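Q: Numbering-wise, the sequence shown is residues 164 to 1149 according to the working numbering.
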Amino acid sequence: MCGDFSGPNDHTNYTVMMPPTPDNQPGTSDSKHDGGSGTTRFGAESQTHGGGGNPRMERRTSTGLSSVNNKSMLLRSQTQDFDHNRWLFETKGTYGIGNAFWQEDQNTFEEGVSMQDFMDKPWKPLTRKIQIPGAILSPYRLLVVVRIVILVMFLTWRIRNPNHEAMWLWGISIVCEIWFAFSWLLDILPKMNPINRSTDLGALHDKFDQPSDTNPTGRSDLPGIDVFVSTADAEKEPPLVTANTILSILGVNYPIEKISCYISDDGGAILTFEAMAEAVKFAEVWVPFCRKHNIEPRNPDAYFGLKKDPTKNKKRHDFVKDRRWIKREYDEFKVRINGLPEVIRKRSKSHNSKEEKKAKQSAKEKNGGTLPNDYTSDVPKATWMADGTQWPGTWYGPTPDHSKGDHAGILQVMSKVPHHDPVMGFADEKTLDFTGIDIRIPMFAYVSREKRPGYDHNKKAGAMNAMVRASAILSNGPFILNLDCDHYFYNSLALREGMCFMMDRGGDRVCYIQFPQRFEGIDPSDRYANHNTVFFDGNMRALDGLQGPMYVGTGCMFRRYALYGFEPPRFIEHTGVFGRVKTKVNRNAPQAKLDDETQPLTSDSEVGYPQKFGSSTMFTDSISVAEYNGRPLADHKSVQNGRPAGALLSPRPPLDAPTVAEAIAVISCWYEDKTEWGDRVGWIYGSVTEDVVTGYRMHNRGWRSIYCITKRDAFRGTAPINLTDRLHQVLRWATGSVEIFFSRNNAIFASRRLKFLQRISYLNVGIYPFTSLFLVVYCFIPALSLFSGQFIVEGLNVAFLVYLLLITICLTLISLLEVKWSGIALEEWWRNEQFWVIGGTSAHLVAVIQGLLKVVAGIEISFTLTSKSAGDEDVDDFADLYIVKWTSLFIMPLTILIINLIALVMGFLRTVYSVIPEWNKLLGSMFFSFWVLSHMYPFAKGLMGKRGRVPTIIYVWSGILSITIALLWITIDPPGDSMKKGSMSI
164 MCGDFSGPND
174 HTNYTVMMPP
184 TPDNQPGTSD
194 SKHDGGSGTT
204 RFGAESQTHG
214 GGGNPRMERR
224 TSTGLSSVNN
234 KSMLLRSQTQ
244 DFDHNRWLFE
254 TKGTYGIGNA
264 FWQEDQNTFE
274 EGVSMQDFMD
284 KPWKPLTRKI
294 QIPGAILSPY
304 RLLVVVRIVI
314 LVMFLTWRIR
324 NPNHEAMWLW
334 GISIVCEIWF
344 AFSWLLDILP
354 KMNPINRSTD
364 LGALHDKFDQ
374 PSDTNPTGRS
384 DLPGIDVFVS
394 TADAEKEPPL
404 VTANTILSIL
414 GVNYPIEKIS
424 CYISDDGGAI
434 LTFEAMAEAV
444 KFAEVWVPFC
454 RKHNIEPRNP
464 DAYFGLKKDP
474 TKNKKRHDFV
484 KDRRWIKREY
494 DEFKVRINGL
504 PEVIRKRSKS
514 HNSKEEKKAK
524 QSAKEKNGGT
534 LPNDYTSDVP
544 KATWMADGTQ
554 WPGTWYGPTP
564 DHSKGDHAGI
574 LQVMSKVPHH
584 DPVMGFADEK
594 TLDFTGIDIR
604 IPMFAYVSRE
614 KRPGYDHNKK
624 AGAMNAMVRA
634 SAILSNGPFI
644 LNLDCDHYFY
654 NSLALREGMC
664 FMMDRGGDRV
674 CYIQFPQRFE
684 GIDPSDRYAN
694 HNTVFFDGNM
704 RALDGLQGPM
714 YVGTGCMFRR
724 YALYGFEPPR
734 FIEHTGVFGR
744 VKTKVNRNAP
754 QAKLDDETQP
764 LTSDSEVGYP
774 QKFGSSTMFT
784 DSISVAEYNG
794 RPLADHKSVQ
804 NGRPAGALLS
814 PRPPLDAPTV
824 AEAIAVISCW
834 YEDKTEWGDR
844 VGWIYGSVTE
854 DVVTGYRMHN
864 RGWRSIYCIT
874 KRDAFRGTAP
884 INLTDRLHQV
894 LRWATGSVEI
904 FFSRNNAIFA
914 SRRLKFLQRI
924 SYLNVGIYPF
934 TSLFLVVYCF
944 IPALSLFSGQ
954 FIVEGLNVAF
964 LVYLLLITIC
974 LTLISLLEVK
984 WSGIALEEWW
994 RNEQFWVIGG
1004 TSAHLVAVIQ
1014 GLLKVVAGIE
1024 ISFTLTSKSA
1034 GDEDVDDFAD
1044 LYIVKWTSLF
1054 IMPLTILIIN
1064 LIALVMGFLR
1074 TVYSVIPEWN
1084 KLLGSMFFSF
1094 WVLSHMYPFA
1104 KGLMGKRGRV
1114 PTIIYVWSGI
1124 LSITIALLWI
1134 TIDPPGDSMK
1144 KGSMSI
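1) Just how far apart, CA to CA, sit VAL965 and VAL309?
2) If we count the other Cβ atoms within 10 Å of its Cβ and call it buried at 16 or more, is ASP376 buried or exposed?
3) Using DSSP with H/G/I as helix, E/B as strand and the rest coil, what is GLU683?
4) What does the alpha-carbon distance come out to for the pair TRP1082 and PHE317?
5) In its own chain, which residues sit with a C-beta less than 8 Å from the C-beta of LEU306, not counting the 5 before and 5 after it?
6) Relative to the C-alpha of MET577, which residue among GLU437, THR562, ILE1054 and ARG510 is closest?
7) Nearest by alpha-carbon distance to MET414: which of ILE955, ARG879 and SER655 is it?
8) Buried or exposed for PHE912, going by 16 or more other Cβ atoms inside 10 Å?
9) Is it the case that the region 688–701 contacts the region 806–814, given that we only count it when at least three CB pairs across the two stretches are under 8 Å?
10) Run through DSSP, which three-state label would ASN476 get?
11) Given a cut-off of 9 Å, decide if SER427 and ALA571 are closer than it, judged by their beta-carbon atoms.
12) For VAL740 and ILE923, what's the separation of their Cα atoms in angstroms?
13) Could you tell me whether the region 510–529 touches the region 541–558, where touching means 3 or more Cβ pairs closer than 8 Å?
14) Less than 9 Å between the C-beta atoms of SER383 and THR290, yes or no?
15) Quick one: residues in its chain with C-beta nearer than 8 Å to the C-beta of VAL748, no 5 flanking neighbours on either side, listed in chain order?
16) Whole angstroms are fine: how far does the CA of LEU890 sit from the CA of ALA1006?
17) How would you write the range of the alpha helix (DSSP H) that ASP494 sits in, first residue to last?
18) In terms of residue numbering, what span does the alpha helix (DSSP H) encompassing MET577 cover?
19) What does GLN553 pair with, by DSSP beta-bridge criteria?
20) Looking only at C-alpha atoms, which of LEU796, LEU410 and GLY777 sits nearest to ASP372?
21) Taking the alpha helix (DSSP H) that MET606 belongs to, which residues open and close that run?
22) Taking 9 Å as the cut-off, decide whether the C-beta atoms of ALA877 and GLY701 are in contact.
23) Tell me the residue span of the beta strand (DSSP E) that contains CYS424.
24) Cβ of CYS648 within 9 Å of Cβ of GLU400?
25) Does DSSP put GLN294 in a helix, a strand or coil?
26) Using the C-alpha atoms, what's the distance from GLY430 back to ALA395?
27) Apply the 10 Å Cβ neighbour rule to GLN677 and answer buried if 16 or more other Cβ atoms are within range, or exposed otherwise.
28) Thinking PRO357 and ARG704 are a contact (beta carbons under 8 Å), I'd like their distance in whole angstroms, please.
29) Please specify which runs of the alpha helix (DSSP H), each continuous and at least 4 residues long, are wholly inside the region 984–1028, giving them in chain order.
30) Excluding the five sequence neighbours on either side, which residues of its own chain have a C-beta within less than 7 Å of the C-beta of LEU1106, listed in chain order?
31) What distance in whole Å lies between the Cβ atoms of TYR651 and PRO460, which are believed to be in contact at a cut-off of 8 Å?
32) Quick check on DSSP: helix, strand or coil for GLN953?
33) From HIS368, HIS862 and PHE391, pick the residue whose C-alpha is nearest to that of LEU385; which is it?
34) With which residues is ARG806 paired in a DSSP beta bridge?
35) Check this for me: beta carbons of THR838 and PHE933, under 9 Å apart or not?
36) Just curious, the alpha helix (DSSP H) that GLY777 is in, first and last residue?
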C-alpha cells in the first residue's frame, strides 16, 4: 500500500500485480511461440534472481509455458475465445493477490507482500455531503427566479392601474401585496441550496473503538459528552415523563465512562429529586437489559407502548422471560413514582409532628414541667427527605429560604463516575442473567441552582449556564447535548451520529449539531401543524447548505468551547456585493508544537478569565482541556487542528469533596456578577427565545453548524395538540422574534463572518411576526369588497387574471418541488399554510403588540410552561384536541371568520337584488373570501370541539345573526346605480 493520498476523495492508489496467464503474455499468439525472444516482467525477475538455482521459479515458468502450448485445447469451441475459468481449473492457476484470495503455497510475487497489506483499511471520512439532484434543484431555482420576475411585473402593473372607484381599497391591497412579496423573498432565498448528509458509523467505530498501535487495548478514544435535561415545574412536567427521559439517556449506545447526565430542576422540588433517585435505581436493571437485547427505544414507557411485535429480530432464548420480568419491574417503578407525593406528605407530617412534640417537651422543661399558657409553636412545616433531614429546596408549605424563588443550591451525584474497565454481570436468580453484559451506568447528577430574591435568574438560560459551569467542574465533557424533559432518545446511536460530524475533518469549526424535532401523541390529521415538518425538513435542511441550521432549543449537541464565546480556529469573512468576496482567516499557528496543543485557540487565552468566566480557577483551568479533548484525530494531512490518537484513553479521576464543593459554588446566584455569562458566554440572556439568539451569536463569530437527520429519529418528544396551548407556544416564539428585531441581535448588525443568505434567514426570524399586521388587514379585504360592492381592481380583466394564474402556477410548482427535495407530504405543507394564517392573525399579532410595549414602555412579558402530559391510559389519546379553553388570542381570527361569512351572504344578496348585477366583482371577492375561510377551517373546527358536543342553538344563532346583519346592511345601503359611485344613502 502506498502512503500518498491523491484527489479530493483521499483514496489510496494500489498497484495490483496479475499472474502470468496465456492471454496476458506479450509473447503468446496464434503463431509459433519463440521461448527465447519474449521478455516479460516475470522473465526479467527470474534473471535477476539467478540463472538456475530457484526451483520455485522454474516451476512457475514451466506452468506458464505448458499453458501456452495447450492454449488451443482451452479455446471455446464456438467463439474461439480463451476460456480463463477452465485454465484456472486445469492448471491450478492463481487469482493474483488481494483481499479476496491469497494462495500461500505459491509466493509468486515480490518478497514482503502478504495478505495483511491488503487488510489495512485506507483513511475514510466519517461523513458525506449528498447534493440534491439537479433535476429537482435546477427547476426549483429557475421557478423562484421566474416568480420573482412575475411578481415585479404584477406589482408594477397594479401600481400603474389603480382602481379609481375605490382608491382606499386599492391602496390597502397594494401595500399588503408588496409586503407579502418582500416576506416571501426573505423566506425563499435561504432555500436555494438544500443538501443532505450521511454518516459512516462503521468508520467511526474503526477509528475510535478498535485496537491500534496507539490504542492496543481497543478502549474508546471518543470524547466525553455531558447531557443536560431541564425541568422547572413538577406539576406541569410530570416526574414520570422526566424519569423516562433520564432512563433513555443512561442507556444510550456510547462509551459508558464518557457519558455524564445532568438534570436541572429550577423549581427545587423534592418530588423531582426523589423521582430521579428512583430512576437511577431502576436503571441498574433497565440499562443492562437494553444492552443485552439491543432494545430500541430505550425509554421504557415508549418501548412498552409500541404497537409492533416485541419479539421481532430477537434471537436470545430468554428474551420473553426477561421482558416479562422487566415489564413487571417497570410497572412497580411507575407505581412508586405516582405514589411519591403522598409518601412525601406523610413522611413530612410525621417528622413535623415529632419536631412539634420535641418543641413542646423543651418548653415544658424550661417552664418547670408545665406548658406555658402563652406557648405558640414556631416549628416550621418543613418538607423532609427519606434520610430524616430537611429538604434544602422548595417546601410544600413555602417559607423563607424554601420557596421557588428563594432556596439554596443543590447538587447531588446520584450515580458515581463509572469504573474505567467494563464490569460484567452474572446470573442472579432475583433479577436477570447479565452474564457477559456490562452493567455499569453513566454518571448522573441532580442540580438545582441557588435562587434568592433580588437576583435576575434569567429563566431557562440561567439554569443552562449553571449546568455548564457545574458540569465543567465534575466531568468537563467537550460536548454538551441539551434536551427538554419530555424529549427522549429514540435512537440510541444518535450521539455517535452527531460525533461523526464533530470528529470529521473540518469538525473543529462546527459549533453545534442540530437534530430535527419529532413528536408523538399528535392527532393523525395534524390539525395545527404540530409536526412542523415544513420548517424542520425544509427550512433547516436548506440552511445546512449555507452556514448551518439555527438552534431551536432541544436536541442540539454543542461544542463546549464554542459556548464559552471563543472564535473558531478558521473562518471566512464575506464582503462585497451579496458577500461574494471571501477572505479566509486562519487563527492557528502555522505548525503548532505538540507541547502547545493543549492551549485553547485564542489570542487572549491567559487574559481576562476572572472577568469573563467568574472567580473559579478550577473552571477556568477546564477550558483548555475541553478545547483540546474536542479536537478531531490528526490521522490525515487534511485534518487541521487535530489531536493525536490515544489522547483520551486515560481514566477519569473519581469525584472528591473539594470538587463537588466547587461545583456547588459555581451554581450560586452571585457567581455571575461582573462576568460575561449570558452576554458573550453560554446561553444568551434577554430574550424568551434564548436558543435562536445563542445560535446566532455563534454563527456571527464565524462558526458553522450541521443538521443531522438520521434514518431512525434521533429524539422524540411531545407537543401541545390543544388549540389554546398551541397558540400560546407560537406566541412565545413570535414574541422572542420581536425582541430580537429590536435588539442588537438583529441580523442587520451582523458581522462579515455571516454569509449573506444566512443573514437573510436570521433577518426573517425578526421580521416574520410583523407580517401579521398586513395579513389581518388582507383577510378583511374580501369582506370589505363584498360590503362595498367594489374590488381591488376595476374589473377582472385579462391582464389581472393572467398574472394571478401565472403567480399561482409558479407557487404550485415551487411547492411541489420543495415537497420533492424536502420529503414532506402535501398534506403537511397545506396544514402549515393553514396554521400560518391562523397563527399570523392571532399569536403573531399579539406578539408584535407585546414586543412594542416592552420596547416602548418597558413592560416585561411572562409565559407559563406548556403542560407535558404523562399519558393517561383511561382517556382518549387525543382528548386535549377537543378541549376549548378560551383565550384572547381567539378574538381576531374569530372576528375574521364571522365577518367573512356575513360578507359572503350579504354580497350574494345585494348582487342578486341589484338592478345591474356585477357578477365579476362578486366572484373575485368570493374567491378571496373562500381563500380566507379555507385557511381558517382548522380554527373553526377547534372551536366546535368534539363532534356532537356543540349545541344546535349555536348553529341556529350564527345563521340568524348572519342573515339579520346582511338584511340590515341592504336596508341601510340598498343596491342601485349609486353603488357605482361608492355612495351611501339612508
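Note that CB positions come from ideal geometry on N, CA and C, so glycine has one too.
A quick note: this is a predicted structure, and the numbers were derived from the prediction, not measured.
A: From the atom records:
1) 15 Å
2) exposed
3) strand
4) One C-alpha to the other measures close to 24 Å.
5) CYS973, LEU976, ILE977 and LEU980
6) GLU437
7) This sequence places Gly at residue 414; Met is not what is there. Nearest C-alpha to GLY414: SER655.
8) exposed
9) Too few Cβ pairs lie closer than 8 Å, so no.
10) coil
11) Going by beta carbons, ALA571 and SER427 fall outside the 9 Å limit.
12) 14 Å
13) yes
14) no
15) Only ARG733, PHE734, ILE735, GLU736 and GLY865 meet the Cβ criterion.
16) 6 Å
17) 482–529
18) Unbroken run through MET577 is the beta strand (DSSP E), 573–578; no alpha helix (DSSP H).
19) Paired residue(s): TRP547.
20) LEU796
21) Segment 606–611 is the beta strand (DSSP E) holding MET606; no alpha helix (DSSP H) there.
22) no
23) For CYS424, the enclosing beta strand (DSSP E) stretches over residues 422–428.
24) yes
25) GLN294 carries a strand assignment under DSSP once its states are collapsed to helix, strand and coil.
26) Those two C-alpha atoms are separated by around 5 Å.
27) buried
28) Right, their Cβ atoms sit about 5 Å apart.
29) 989–1003 and 1006–1020
30) VAL1047
31) Right, the Cβ-Cβ distance comes to about 7 Å (below 8 Å), so this counts as a contact.
32) coil
33) HIS368
34) DSSP, once it has assigned bridges, lists LEU796 as partnering ARG806.
35) No. Outside cutoff.
36) Note, GLY777: premise wrong, no alpha helix (DSSP H); not H, not E.
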